[in-house]
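First up is the structure itself, then whatever we jot down about it.
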Amino acid sequence: MSDPRIRMGIGVACFGLPLLLSIAFSLEQRFFLDDAMIYLTYAKNIATGGGWTFNTGANDHAVTSALHTVIQSLLYLGFFDPAEPQAIFPVVKVVEAIVVALGVFFFHRVLVSSGIDPVLAGCAVAAFVSAKFVAVYHLFSGMETPLYLVFLMLACLAWATDRLRAVGLLTGLLYLVRPEAVLVGPVLAALDLGFARRDDLQAWFRVWIVPGAIAAAIVISVGTLFYITKGSMLPDSAEVKLLTANNWGTYVSRIPDVVMGFWYAIPFALLGLFSLERKPTAVNALLACCAVLVLLFIALGLPRAPWYYTPFNVGFFTLSACGLASSTRWLVERALPRWPVYALLAVALIAVDGMGIQQVRANRWAMRWHGNDLDGGLGAASRWLAERVPPETRVAAGSIGYVGYYATSEVVDMVGLLDPEVARQTYAGNPDYWHDVYAPAYVIRKLQYREGVEDLSYRLIGVFGDSRHPDKATGVFARSDVVASRDY
């Protein structure tokens, strides 16, 4: 197995099989988070002439990724049929699968370019692809995570090969993927100085001024456009998340759940942490960017949403790859015969890929269950209500994605993503502010919150969701005076 081409082929095969299985299961289930449906609603409105808005005629801004929204709106221009709103779903899933495949491949390239054996890098990427928290909630959920992965990996590869203008461009694009990712550029520039890749501070400044100008041009121009039209590049939901963040432990408390999905990678990750080489590689760049982003989320007390865990997941499996490489080198340096080393490596490959495939098969159930929970609950409830009420009917919801996409052009968000004042009032102890101000005719809400809705004189008129999990079912509630005047 000394031929590098053979090792590269085996490495790609290691993560290729679980990746293909994950893509196949994702296409089969059409799994979307409700937050992903918010993106689709904005994309639909942009493509159909309604503008950058969730509610028709409003100036709301509840999406984080500008680039993700624009790409989806372009898909709508080519494939959307207003008579068949679900027809766009397979197209979105196929594009998502392609972007995921690119991001995963570039992740492998980052590891290999840093001197990690392609086979060992393939093992680490296989573990990454098949982890439940990564595959189901990150890569195949309809969110911007695949774009984040692609541009982050490309930025690190560009930095490692000294293509700094490309770093500037990719940093600007990362800002459009997620605003906090604009930190990637400064981190890479600081890392360049830390590794003393330039003769002095003046030389460092000269080579980074042009990349910095490229990134700044994108950030300032887009940021100014959003400032004029929306007030901020950050969505209104940013204030909601900051208001509802508990403390620094919110982010940290979820880390054990993520890690324990791949408990057998923990020793390799710890070993990798203590075996990092002090030289300018793409792995160093990737780990530095991930560390800064994770620390930012911890400092902000964010969040429970899974897509914020991408920097942690990427960093964890990068360290695992480093640990695999260092442990293999240790075996070779002990001058052991080749066959025992290769035998151990073969066992590790079979174990990692076998566990990865098993995890992906388990993810198939998760995708199916959550697909039924979301589309069969919120989606079915929204479609049912849309068939019975005019499109401009005011409807309140705690999860607005499916409701806005199917049911109505005037959604009242009970959390505050569309109106931050709702979040401020809830935080101040007035949880019924959404009702007092907007008095919606209908409410679509999970049944576990029905008591708070019924206390406001709403009556349950329909139940939707997975019968195996009644606590997750979705209810449609109507205001008492509306119920009296209609026949459902």
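Residue numbers for the sequence shown follow this note's numbering, beginning at 81 and rising by one. Just so you know, even glycine gets a beta-carbon here, dropped at the ideal spot from N, CA and C.
Cβ neighbour criterion (16 or more within 10 Å) applied to residue i
| i | result |
| --- | --- |
| Q109 | buried |
| F95 | buried |
| G311 | exposed |
| L497 | buried |
| N393 | buried |
| T304 | exposed |
| K321 | buried |
| A215 | buried |
| I168 | buried |
| I86 | exposed |
| T554 | buried |
| R559 | buried |
| N510 | exposed |
| I126 | buried |
| N452 | Low confidence applies here, because N452 scores a pLDDT of 49, under 50, leaving its location unreliable; read the following figure in that light. So N452 ends up on the buried side. |
| A365 | buried |
| R358 | exposed |
| L454 | A caution first: L454 carries a pLDDT of 47, below 50, which makes its placement in the model unreliable, though a value can still be read off. With 16 or more Cβ atoms within 10 Å of its Cβ, L454 is classed as buried. |
| V491 | buried |
| D516 | exposed |
| P520 | buried |
Local conformation of residue i per DSSP, three classes
| i | result |
| --- | --- |
| A405 | helix |
| D197 | coil |
| R559 | strand |
| E357 | coil |
| E501 | helix |
| E164 | strand |
| W132 | coil |
| M88 | helix |
| S102 | helix |
| A211 | coil |
| D453 | In this prediction, D453 has a pLDDT of 49, which is less than 50 and means its spatial position is unreliable; what the coordinates show is noted afterwards. The answer is helix: DSSP assigns D453 an H, G or I state. |
| A345 | helix |
| F220 | coil |
| N510 | coil |
| A143 | The sequence shown places Val at residue 143, rather than the Ala named in the question. Here V143 sits in coil by DSSP. |
| M313 | coil |
| P170 | helix |
| P470 | coil |
| L120 | helix |
| T56 | In the structure as shown, the chain starts at 81 and stops at 568, and residue 56 therefore has no counterpart that could be examined. |
| F275 | coil |
| F95 | helix |
| L113 | coil |
| R258 | coil |
| M233 | helix |
| D83 | coil |
Beta-carbon gap between residue i and residue j smaller than 8 Å
| i | j | result |
| --- | --- | --- |
| E176 | P226 | yes |
| Y255 | I298 | yes |
| A405 | D197 | yes |
| Y522 | F557 | yes |
| S355 | C402 | yes |
| A201 | V192 | yes |
| A146 | M223 | no |
| P500 | E319 | yes |
| V199 | I300 | no |
| V483 | V495 | no |
| L367 | D114 | no |
| F187 | L229 | yes |
| P315 | A460 | no |
| A207 | A362 | no |
| L120 | Q166 | no |
| P360 | F306 | no |
| V372 | L263 | yes |
Identified DSSP bridge partners for residue i
| i | result |
| --- | --- |
| T554 | K526 and F544 |
| A476 | V492 and V523 |
| R539 | A558 |
Whole-Å CB distance - residue i paired with residue j, under 8 Å assumed
| i | j | result |
| --- | --- | --- |
| Y485 | K124 | 7 Å |
| I477 | R525 | It should be pointed out that residue 477 corresponds to Ala in this sequence rather than to Ile. With 8 Å as the limit, A477 and R525 qualify as a contact, their Cβ atoms being about 7 Å apart. |
| T149 | D140 | Actually they are not in contact, since the Cβ atoms of T149 and D140 sit about 13 Å apart, beyond 8 Å. |
| A293 | T251 | Contact flag wrong, Cβ pair sits at about 11 Å. |
| L237 | V190 | 6 Å |
| W284 | L273 | 5 Å |
| S221 | F112 | 7 Å |
| P170 | L244 | In fact, because the Cβ distance is near 40 Å, the residues do not count as touching under 8 Å. |
8 Å Cβ cutoff, residue i in contact with chain B
| i | result |
| --- | --- |
| V287 | The displayed structure is made up of one protein chain only, and chain B is not part of it. |
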